[in-house]
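Undergrad:
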Amino acid sequence: YVIDNYTVGANDPWIIDSIASIAKAPPAPTPQPQPSPAPPPVTIEPQPEKKAEPVVVKTTPKPQPVLTIEDKYFQRKKEYSLEIPVTGDSIELKFYDNAQIDGDSISLFLNDRLVFEHIRLSAVAHTIRISVADLKDSNYLVMVAENLGEIPPNTSYMIAMVNNRRYEAMLSSTEQTSAAIKLVKPANPVAGQ
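Count along the sequence shown starting at 1, add 115, and that's the number in the numbering used here.
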């Protein structure tokens, strides 16, 4: 039965075409463009005038040039504390940190010439010897503070041994002053001294 009705019934091309038209979905309606409502009017309020703010330009301060020990020597005031008569062959000078060891460091100038620098003062003496033959009739030994240590000012206890005679001086230097002593050859040295 099925085979007999196969060519006659539902397989009829006319029926197949008619079913296809029924089964087909209707075309989707195309949307009609709707006129958009007019935008609200834009009102521009006047802006208050802004005053131009001054432009701040940061200037980096120029670093101060590092002063050499010679610069410090010539710029600082010399304060003379002692005059020592010099005789014999040589002078022995011993420098200690006075009172408390606080890291003081000095340089020594003899007659405007740097003779010793970076002398770290401590409880142990820093000893220097100066030949009397190399000295002028009048000489200036100046102690310049390289630093002030932990406790300003820079202080030194100096012992000078001249021809078995002892001289002592408390020398003090700051960033404005340098301590000085005067070494003088006597005009008429006594024989045997």
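A virtual CB, placed ideally from N, CA and C, is assigned to each residue, including glycine. All values reported here derive from a predicted model rather than from experimental measurement.
Mind checking whether Ala295 and Lys192 have CB atoms under 7 Å apart?
TA: Taking the sequence shown and counting its residues from 1, the one referred to as residue 295 is at position 180. Taking the sequence shown and counting its residues from 1, the one referred to as residue 192 is at position 77. Their beta carbons are not under 7 Å apart, which means Ala295 does not touch Lys192 by this criterion.
Undergrad: With a CB to CB cut of under 7 Å and the five nearest residues on each side skipped, what residues in its chain are close to Val201?
TA: Reading the sequence shown from its first residue, position 86 is the one you call residue 201. Within the same chain, Val201 has close Cβ partners Val247, Leu250, Val277, Leu298, Val299 and Lys300.
Undergrad: Does Glu164 come out as helix, strand or coil in the three-state DSSP assignment?
TA: Here residue 164 refers to the residue found at position 49 when the sequence shown is read from its first residue. Three-state DSSP puts Glu164 in coil, outside helix and strand.
Undergrad: Count the C-beta pairs between the segment 266-275 and the segment 170-178 that are closer than 8 Å, then say yes if the count reaches three, no if not.
TA: Touching, no.
Undergrad: Near Phe224, which residues of its chain fall below 7 Å by C-beta distance, leaving aside the five closest residues on each side in sequence?
TA: Within the sequence shown, the letter at position 109 stands for residue 224. Contacts found: Tyr188, Val230, Val257 and Val259.
Undergrad: Classify Tyr116: buried if its beta carbon has 16 or more other beta carbons within 10 angstroms, exposed otherwise.
TA: Against the sequence shown, residue 116 aligns to sequence position 1. With a pLDDT of 48 at Tyr116, under the threshold of 50, the predicted position of this residue should be treated as unreliable, though the coordinate-derived value follows. Result: exposed.
Undergrad: Roughly how many angstroms lie between the CA atoms of Leu162 and Pro152, to the nearest whole one?
TA: Stepping through the sequence shown from its first residue, residue 162 is reached at position 47. Stepping through the sequence shown from its first residue, residue 152 is reached at position 37. Note that residue 162 corresponds to Gln in the displayed sequence, not to Leu. When rounded, the distance between both Cα atoms is 29 Å.
Undergrad: Going by beta-carbon coordinates alone, are Asn269 and Ser293 separated by less than 7 Å?
TA: For the purposes of this step, residue 269 is taken as the residue at position 154 of the sequence shown. For the purposes of this step, residue 293 is taken as the residue at position 178 of the sequence shown. No, the pair does not count as a contact, with Cβ atoms beyond the cut-off.
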